[in-house]
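Visitor: Under numbering that gives the first Met the number 0, the first residue of the sequence shown is numbered 0, with each subsequent residue one higher. Cβ atoms here follow ideal geometry from the backbone N, Cα and C, with glycine treated the same way. Keep in mind it's a predicted model, so treat the numbers as computed, not measured.
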Amino acid sequence: MKKYIYILGLALAMSSCEDFLTRDDPQGITDEEFWKTSGQIESVLGQCYNLPHGYHHYTAPYVSMVHAEGLTDNSYHGADYEGWIVSVANGTVTAEEGKMKDLWSERYKIIRKCCRLLENMDRAYFVDEPEREKIRGEAIILRVYYHWELMRWFGLEEGIPIVDHSLTPVENFMPRSSANEVYDWMLNELDRAIAVADLPFKYDDSRKTKVDRSVAYALKSIIALNAKRYEIARDAAKRIIDSGEYELYYTSQADNEPGKNFRDLFRSVGQNNKERILYTSAGLREAFFRSAGPGLGQQCTVHPLLGFVNAFETMQGKTLEELGTDSLDIYSRNPLYHNNRDPRLGLSVIVPGDSTTFTGYTYNPFSDGPEAIGRPNATRSGFMLKKFIDPLDRNKPYNGSNAFYIIRYPEILLNYVEALIELGDWQNADVLRYINDIRRRADMIEAPAGVYNTQDKVRQLMRRERRVELAFEGTRYLDIRRWGIVKEVMDGPIFGAIHPDTGKPIQIEERIFISGKNEVYPIPQSEILANKNMTQNKGYFGNE
């Protein structure tokens, strides 16, 4: 009976844990009463995990990464929810759009939970002392991750408030730290986590969805790359490469479809792979429902653009621009002409006339059927997203089980390559070595050194490889900003497939991008009103 009473009491304490971590002393609970056991600490750590999924999720405060590709030149967001993606992409955003307001406030709430955990975890009794240190390392990494999320959306130009402890009421009016100060703090915190000796470099399968030192190195590489601190980015990425813990995935399936290794990486058959560094289990649970169209009874919400489709090379390693206007016209009309494109195109996009993706189904957006452009739930671009769709999910369209990869190994390889190029070390053998490793895995021809014989040519190759390999995984938004091409690719009309009746591409909308403004979201106006020390981002609402 005493045992059951204890369990009931612990359950009641955990039920109020959410408020306890967000506010001090709800319902009379004090720090002295709460932080006693390793089980309580582990429960709090669980509440600190709220990592992104690939698709829309009603209760989460994060940005759905596949839908967020609509913020780039790869896609148009066509759903009847998350309308902020459209308004941010086309330059009509307002400061009080619900998602941005929620993202700002909820991320700082979870940062507070991480702070509360780090400040109080040493009160608890642990039988296994190294377990305490593992939790400490994880909490530090997660707190950095959530700061990085806020930084990437709100603070790339002007920074954000750094919250490294649970704030008292008199500290709530925090000003921003500068972008450089935030970068310094995040990188230093990641070094602090890396220095936790009891935190494994890579967790085994029993804790495979948790953050570890390899995640810390990966984040360090990503953050430093976007801060243009290339030596740090290079060294952090190289630490992962040299560890031997990660490798590109190759499928065990015996069929001969070109690109099958890339294909199966995102299907159930390839889920247990050594390519995933940070991921959310079942993060692609809605992939079929959100990407397939009404002809399959689903809700097509992700609309790839013609510019993205045309970014893929031919099987001979030629860009469409290199081939000239006649070839560009042919491949724009028929993207898979003679099956002579990078296999990743046919595995990433369902193009008009496709009859190979699903048994007994042909995609025709130019018919009078339910998938005609402009019909409810039909694509606006004439293309549908194929990447992430597992045919097995056709029978469970809203309940898939495949993981969403937040960080995977090819991104680290390409981070390393980009850092080398920008450091002037573009002739380093590792540059083409790792680019070609990725291309070879996709059954693409290797890029020859004799062709890519200048820094600019290698840079363009690397950028093209990032675009096609990592599409719809959340990297493009930062890439076009870091490379200084965001105005070039985000200002003007966006187009879908060539309409066979007119011979012209479908124009979806006209986007407007204002440099010095649209690189980031506006700070929610409610935050500006509540915090006298908070300033609005340049170009928005009183700071024009």
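Where L469 and L413 are concerned, what is the direct C-alpha to C-alpha distance, given to the nearest angstrom?
Guide: L469 and L413: Cα-Cα distance of roughly 10 Å.
Visitor: Which first and last residues belong to the beta strand (DSSP E) in which Q506 is found?
Guide: Residues P504 to R510.
Visitor: Classify Q506 as buried or exposed, calling it buried when 16 or more other Cβ atoms lie within 10 Å of its own Cβ.
Guide: With fewer than 16 Cβ atoms within 10 Å of its Cβ, Q506 is classed as exposed.
Visitor: For T318, I'd like the list of residues in its chain whose CB is within less than 6 Å of its CB, leaving aside the five on either flank, ordered along the chain.
Guide: Here the set comprises E312.
Visitor: According to DSSP, what are the bridge partners of S74?
Guide: Paired residues: P303.
Visitor: With a CB to CB cut of under 8 Å and the five nearest residues on each side skipped, what residues in its chain are close to S267?
Guide: Counting only Cβ-Cβ distances below 8 Å, and skipping sequence neighbours, we find D389, L391, S400 and N401.
Visitor: List the whole-angstrom C-beta distance separating L422 from R233, where the pair is believed to meet the contact cut-off of C-beta under 8 Å.
Guide: Indeed they touch by this definition, with Cβ atoms about 7 Å apart.
Visitor: State the start and end residues of the unbroken alpha helix (DSSP H) segment that holds T324.
Guide: Residues T324 to R332.
Visitor: Report the rounded CA-to-CA distance for T91 versus W83, giving the unit in angstroms.
Guide: Cα-Cα distance, rounded: 9 Å.
Visitor: My output table needs one value for R106: the three-state DSSP class, helix, strand or coil.
Guide: In this structure, R106 counts as helix in the three-state DSSP scheme.
Visitor: Taking Cβ to Cβ, would you say P342 is nearer than 8 Å to F287?
Guide: Against a cut-off of 8 Å, the Cβ pair of F287 and P342 comes out as no contact.
Visitor: Do G294 and Y397 have their CB atoms nearer than 8 Å?
Guide: The answer is no: Cβ separation not under 8 Å.
Visitor: Nearest CA to the CA of N517: which residue from G345, A529, M489 and H498?
Guide: Comparing Cα positions, the closest option is M489.
Visitor: Identify which residue in L218, N255, V169 and R206 has its Cα closest to the Cα of K531.
Guide: Nearest of L218, N255, V169 and R206 to K531, Cα basis: V169.
Visitor: Can you tell me the Cα-Cα spacing of F382 and N333, whole angstroms?
Guide: Approximately 12 Å between the Cα atoms of the pair.
Visitor: On the three-state DSSP scale, how would you describe Y404?
Guide: Correct three-state label for Y404: strand.
Visitor: Taking buried to mean at least 16 other C-beta atoms within 10 Å of its own C-beta, is F172 buried or exposed?
Guide: Exposed, because fewer than 16 other Cβ atoms sit within 10 Å of the Cβ of F172.
Visitor: In chain order, what residues of the same chain have a beta carbon less than 8 Å from the beta carbon of S37, not counting five sequence neighbours either side?
Guide: These residues qualify, in order along the chain: A123, Y124, F125, V126, D127, E130 and R131.
Visitor: I need the DSSP call for P342, collapsed to helix, strand or coil.
Guide: In the structure shown, P342 sits in a helix (DSSP, three-state: H, G or I).
Visitor: Taking only three categories from DSSP, how would you classify L384?
Guide: Note: L384 maps to strand in three-state DSSP.
Visitor: From K259, L264 and Y229, pick the residue whose C-alpha is nearest to that of E246; which is it?
Guide: Residue L264 is the option with its Cα nearest to E246.
Visitor: Which residue marks the beginning of the beta strand (DSSP E) containing I493, and which one marks its end?
Guide: G491 to I497 is the span of the beta strand (DSSP E), which, as asked, contains I493.
Visitor: Runs of 3 residues minimum, wholly inside the stretch 426 to 506: which ones carry the beta strand (DSSP E) assignment?
Guide: Those beta strand (DSSP E) runs which fall completely within the stretch 426 to 506 and span 3+ residues are 491 to 497.
Visitor: Which of helix, strand or coil does DSSP assign to R131?
Guide: It is helical.
Visitor: What is the C-beta distance between R379 and Y75, in whole angstroms, given that I count them as a contact (C-beta under 8 Å)?
Guide: Rounded, the Cβ-Cβ distance is 6 Å, consistent with contact.
Visitor: Taking Cβ to Cβ, would you say Y229 is nearer than 8 Å to A418?
Guide: Yes, the pair counts as a contact, with Cβ atoms nearer than the cut-off.
Visitor: Can A196 and K219 be called in contact, C-beta distance under 8 Å?
Guide: For A196 and K219, no; Cβs fall outside 8 Å.
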